[in-house]
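Below: one structure, written as structure tokens.
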Amino acid sequence: MIPQQYPSQLLEKAVKEFSKLPGIGRKTALRLVLWMLRQEDAEVEQFADAIRQLKHEVKYCHICHNISDSDTCPICADPKRDASTVCVVENIQDVMAVENTQQFRGLYHVLGGIISPMDGIGPSDIEIASLINRVAEGHVKEVILALSPTMEGDTTNFFIYRKLAAYNVKVSVIARGVAVGNELEYTDEVTLGRSIMNRTLFEDK
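Its first residue numbered 4, the sequence shown is counted upward by one per residue in my numbering.
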């Protein structure tokens, strides 16, 4: 039987749950749990309610798959956005990163991942089919591939490019101001903004 590390089983249980969060080790988890114990009951209840509400009530936009409070996210619902241009990103963090540049006024398409055979992720595991369907409707004139410049990102770019070859749509890729191997969400806003503005045509090489 493993000896109990903490003076309270409830404390130990809470630390175990917090340490499941990405980037949170047991020491940080313990610090967070002890901090919460010092807060007023109302604040802890508010924290718990926010997590519970997020899990049960958050929606994904039926058009772009971005997180939303309704079936259509505010970006897709905005008539001022350019619906003919769609920026393809890996995840929701990347949408926020591109939006922070204030350089892009089109719509998005969140894949929910990238093709990675090593991790068992294939084209059918991410939102590529729904992207093709959006293009097939005929309203999209340009697809910007804004995936992280990694081997997996480039593989996904090429797969999408080949899938879109049958349609009359311009396919471009963000300029390589973003260093190869970098994650898009960690790129500074100026560099990312310039990469969006200076995008180039994706060529079949």
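Even for Gly, the Cβ is constructed at its ideal location relative to N, Cα and C.
Nearest to residue i (by Cα), restricted to the options the options
{"i": "Asn-94", "options": "Glu-48, Leu-114, Ser-87, Leu-110", "result": "Leu-114"}
{"i": "Phe-50", "options": "Val-146, Met-39, Val-89", "result": "Met-39"}
{"i": "Ala-168", "options": "Ser-87, Phe-205, Asp-157, His-65", "result": "Phe-205"}
{"i": "Met-120", "options": "Phe-107, Glu-155, Ala-86, Val-172", "result": "The sequence given here has Pro at residue 120, not Met. The shortest Cα separation from Pro-120 among Phe-107, Glu-155, Ala-86, Val-172 belongs to Glu-155."}
{"i": "His-65", "options": "Gln-56, Arg-137, Val-172", "result": "Arg-137"}
{"i": "Val-91", "options": "Ile-118, Glu-43, Leu-150", "result": "Leu-150"}
{"i": "Val-143", "options": "Ala-178, Pro-152, Cys-67", "result": "Cys-67"}
{"i": "Phe-162", "options": "Ala-132, Ala-178, Gly-141", "result": "Ala-132"}
{"i": "Phe-107", "options": "Gly-125, Ile-124, Thr-88, Asp-122", "result": "Thr-88"}
{"i": "Asn-160", "options": "Glu-140, Ala-178, Ile-118", "result": "Ile-118"}
{"i": "Gln-105", "options": "Ile-124, Gly-123, Arg-84", "result": "Arg-84"}
Classification of residue i by the beta-carbon crowding that lies within 10 angstroms, buried from 16 upward
{"i": "Leu-37", "result": "exposed"}
{"i": "Val-18", "result": "buried"}
{"i": "Arg-165", "result": "exposed"}
{"i": "Gly-109", "result": "buried"}
{"i": "Val-61", "result": "exposed"}
{"i": "Pro-25", "result": "exposed"}
{"i": "Ala-100", "result": "buried"}
{"i": "Ala-182", "result": "With a pLDDT of 48 at Ala-182, under the threshold of 50, the modelled position of that residue is not reliable, and no figure is offered here."}
{"i": "Asn-171", "result": "exposed"}
{"i": "Asn-103", "result": "exposed"}
{"i": "Leu-148", "result": "buried"}
{"i": "Val-176", "result": "buried"}
{"i": "Pro-82", "result": "exposed"}
{"i": "Val-47", "result": "exposed"}
{"i": "Ser-127", "result": "exposed"}
{"i": "Asp-207", "result": "Low per-residue confidence applies at Asp-207: pLDDT is 49, beneath 50, and the placement is therefore not dependable, though the value from the model is reported in the following sentence. By the neighbour-count rule (16 or more Cβ atoms within 10 Å), Asp-207 is not buried but exposed."}
{"i": "Ser-71", "result": "buried"}
{"i": "Pro-3", "result": "This structure does not reach residue 3, given that the chain is present from 4 up to 208, and the question cannot be answered."}
7 Å Cβ shell around residue i - same chain, five flanking residues per side excluded
{"i": "Leu-33", "result": "Val-18"}
{"i": "Phe-21", "result": "Ile-27, Ala-32, Leu-35, Val-36"}
{"i": "Ser-73", "result": "Lys-62"}
{"i": "Ala-86", "result": "Leu-110, His-142"}
{"i": "Gln-8", "result": "Glu-15"}
{"i": "Ala-139", "result": "Tyr-170"}
{"i": "Gly-125", "result": "Ile-118"}
{"i": "Arg-29", "result": "Val-18, Ser-22"}
Cut-off 8 Å between Cβ atoms - residues of its own chain near residue i, not counting five sequence neighbours on either side
{"i": "Asn-69", "result": "Tyr-63, Cys-76, Ile-78, Cys-79, Ile-95, Val-98, Tyr-111, Val-113"}
6 Å Cβ shell around residue i - same chain, five flanking residues per side excluded
{"i": "Asp-157", "result": "none"}
{"i": "Ile-129", "result": "Leu-114, Gly-115, Gly-116"}
{"i": "Ile-135", "result": "Lys-166"}
{"i": "Arg-55", "result": "none"}
{"i": "Glu-173", "result": "Just to set this straight, residue 173 is Lys in the shown sequence, not Glu. Closer than 6 Å at Cβ, skipping near neighbours: Glu-145."}
message = So within the region 20-93, which uninterrupted beta strand (DSSP E) runs reach at least 3 residues, ignoring any that extend past its ends?
response = Runs found: 85-92.
query = Which runs of the alpha helix (DSSP H), 4 residues or longer, sit entirely within the region 123-148?
reply = Given a length threshold of 4 residues, each whole run of the alpha helix (DSSP H) inside the region 123-148 is given here in chain order: 131-139.
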